[in-house]
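Chemist: Numbering-wise, our numbering puts 230 at position 227 of the sequence shown, and it's gapless, one number per residue. The structure under discussion is supplied below as structure tokens; questions concerning it will follow.
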Amino acid sequence: MAYDTKLLDDSPESIEYASKLINAGEVVGIPTETVYGLAADAFNEGAVRRIFEAKERPADNPLIVHISELSMISETASEIPAAAISCAKAFWPGPLTLVLPKTPDIPLVTSGGLDTVGIRMPSHPAARALIDAAGVPLAAPSANLSGRPSPTTAAHVLHDMKGRIPAIIDGGACEAGVESTVVCFEQNAVKILRPGRITAEMLSQVVPDVRIDKGVLHALDENARAASPGMKYKHYSPAAEVYAVSGTAKQFSKFAEEFAAKNPGTLLLVFSPTDAPPRTEYIAIGQDPAEQAKNLFSALRKADELNVKTILARCPKTEGVGLAVYNRLIRAAGFKEIKL
Ligand code: TXA
Ligand code: MG
Numbered sequence: 004m005a006y007d008t009k010l011l012d013d014s015p016e017s018i019e020y021a022s023k024l025i026n027a028g029e030v031v032g033i034p035t036e037t038v039y040g041l042a043a044d045a046f047n048e049g050a051v052r053r054i055f056e057a058k059e060r061p062a063d064n065p066l067i068v069h070i071s072e073l074s075m076i077s078e079t080a081s082e083i084p085a086a087a088i089s090c091a092k093a094f095w096p097g098p099l100t101l102v103l104p105k106t107p108d109i110p111l112v113t114s115g116g117l118d119t120v121g122i123r124m125p126s127h128p129a130a131r132a133l134i135d136a137a138g139v140p141l142a143a144p145s146a147n148l149s150g151r152p153s154p155t156t157a158a159h160v161l162h163d164m165k166g167r168i169p170a171i172i173d174g175g176a177c178e179a180g181v182e183s184t185v186v187c188f189e190q191n192a193v194k195i196l197r198p199g200r201i202t203a204e205m206l207s208q209v210v211p212d213v214r215i216d217k218g219v220l221h222a223l224d225e226n227a228r229a230a231s232p233g234m235k236y237k238h239y240s241p242a243a244e245v246y247a248v249s250g251t252a253k254q255f256s257k258f259a260e261e262f263a264a265k266n267p268g269t270l271l272l273v274f275s276p277t278d279a280p281p282r283t284e285y286i287a288i289g290q291d292p293a294e295q296a297k298n299l300f301s302a303l304r305k306a307d308e309l310n311v312k313t314i315l316a317r318c319p320k321t322e323g324v325g326l327a328v329y330n331r332l333i334r335a336a337g338f339k340e341i342k343l
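So this is what it looks like as structure tokens:
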């Protein structure tokens, strides 16, 4: 069914209207502090199937379940290790997803067939208000078409979801710009499956033993079982061919100048305008990793609007929030990295 997709504000009336859609088994685009999500009642199999259809998402890629009160965790997780409780107390509400054994109430459609479920308590007031008003946890993946860069504004969601869902709540531009940090627990350790704004350094303040899954930095083999199924799919990709280029600003500038001269339709994704040689088209995403995280996906979408053929992107450092930026960029590039 084609919908006449409504763009709602985040007033109490709009939240009330959206909660009725959720309770009727529909899918609503919602703002969060990380990226926009496509939300439905996590307990309602039919509603969750609609999310997969709207996004054209593979059925084995699990959804994150969003809660607004700590008490809701017992409806979704059947076992909660002490380390998980410490993480929840330290970082919720906020951009951290805990992978825990699921309760039978969470349908397998929601968990992508797994016996675990990713749970997070968002801090965005509109997301929290909608969960409260609907009275159920909301399953919500990022609101992009599968494979495309995640949406960080309501306009991005409308671009991908027009006609596919009944409504989108506009809560402004997302603060973090990259998706939540996803972690699971191994004995007394916490393991990062997807890096985000909550960094390894921050987690180690709460749980001393922090591990990083190998899928965070490296491409997984076709047949490897991914700890986080989302890691195995081509992701965050604009239509243009993306290359991640690592090296100093000077090396980058020299390489980019020669490359752009030979390849018309090249766009540079740089940290600061001074990284770009003269007479080249570029988008600057900032020097600071948090700023880069905030701008990366909108820059990739902008590149599509400009119809460029190739993107040469400066590789960020892999420390702190930089690890999340690197992880998304290298996937957008299909792991094509040029080391200068
Ligand atoms: O910030 C976010 O997390 C956003 C907003 C909307 O909350 N959501 C989001 O969802 O990014 P999605 O579906 O685009 O990404 C979820 C990631 C995927 O890589 C998925 O494989 C992983 O989390 N994941 C979810 N449940 C999991 C589970 N039970 N075990 C392992 N990985 C899981
Ligand atoms: Mg996603």
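A virtual CB, placed ideally from N, CA and C, is assigned to each residue, including glycine.
1. With burial defined as no fewer than 16 other Cβ atoms inside 10 Å of the residue's Cβ, what is the status of K320: buried or exposed?
2. Unbroken alpha helix (DSSP H) runs of length 4 or more, entirely within the region 238-274: which are they?
3. For F188 and T202, I'd like the C-alpha separation in whole angstroms.
4. Give me the Cα-Cα distance between L270 and K342, rounded to the nearest whole angstrom.
5. Could you pull out every unbroken alpha helix (DSSP H) segment of at least 4 residues lying fully inside the region 123-171, listed in chain order?
6. Please classify G233: does DSSP put it in a helix, a strand, or coil?
7. Is the closest heavy atom of the ligand MG to the C-beta of G40 under 7 Å?
8. Quick check on the DSSP output: what are the complete alpha helix (DSSP H) runs of length 4 or more inside the region 22-106, in order along the chain?
9. So, with DSSP's three-state summary, where would you put K342?
10. With distances taken between CB atoms, is the gap from V311 to G250 smaller than 8 Å?
11. In the structure shown, what three-state DSSP assignment does R282 receive?
12. Considering only C-alpha positions, which residue in the set E178, A62, A157, G337 is nearest to E110?
13. Only counting the same chain, and skipping five residues up and downstream in sequence, which positions put a Cβ closer than 6 Å to that of A247?
14. Based on the DSSP secondary-structure assignment, which residues constitute the bridge partners of K194?
15. Between D216, R131, T79, E82, which lies nearest to D13 when the distance is taken from Cα to Cα?
16. Three or more beta-carbon pairs under 8 Å between the region 73-84 and the region 174-185, yes or no?
17. At what residues does the alpha helix (DSSP H) containing L326 begin and finish?
18. Around the ligand TXA, which residues pass a check of Cβ closer than 5 Å to any of its heavy atoms?
19. Is the beta carbon of L103 less than 8 Å from the beta carbon of I122?
20. Exposed or buried, E16, counting other C-beta atoms within 10 Å across all chains shown (16 or more means buried)?
21. With respect to the beta strand (DSSP E) encompassing K320, which residues constitute its N-terminal and C-terminal limits?
22. Kindly indicate the opening and closing residues of the alpha helix (DSSP H) around K312.
23. Buried or exposed: G116, going by 16 or more other Cβ atoms within 10 Å of its Cβ?
24. With DSSP run on the structure shown, which of helix, strand or coil describes V219?
25. Note down, in chain order, each residue of its chain lying with its Cβ closer than 6 Å to the Cβ of I54, except the 5 sequence neighbours on either side.
26. Using a threshold of 7 Å, is the CB atom of S153 nearer than that to any non-hydrogen atom of the ligand MG?
27. Out of curiosity, what's the CA-to-CA distance linking V120 and S231?
28. Round the Cβ separation of Y39 and T155 to the nearest angstrom and send it over; I've been treating them as touching at under 8 Å.
29. Secondary structure at T277, three-state DSSP: helix, strand or coil?
30. Decide if K58 is buried, meaning its Cβ has at least 16 other Cβ atoms within 10 Å, or exposed.
31. Quick one: measure Cβ to Cβ for T283 and A259, integer angstroms, because I've assumed they're closer than 8 Å.
Modeler: If we stick to the structure as given:
1. exposed
2. 252-265
3. 16 Å
4. 18 Å
5. 128-137, 157-164
6. helix
7. no
8. 48-58, 76-79, 85-94
9. strand
10. no
11. coil
12. Per the sequence shown, residue 110 should be read as Pro rather than Glu. Comparing Cα-Cα distances from P110 to each of E178, A62, A157, G337, the minimum goes to A62.
13. A316, C318, L332, I333, A336, E340
14. C187, R214
15. R131
16. no
17. 325-335
18. T35, T37, G40, P65, I67, V102, L117, T119, G121, A143, P144, S145, E182, S183, V185, S231, P232, G233
19. yes
20. exposed
21. Unbroken run through K320: none, as it is neither H nor E.
22. K312 -> no alpha helix (DSSP H), and no H or E assigned at all.
23. exposed
24. helix
25. V30, L41, A43
26. yes
27. 11 Å
28. 7 Å
29. helix
30. buried
31. 6 Å
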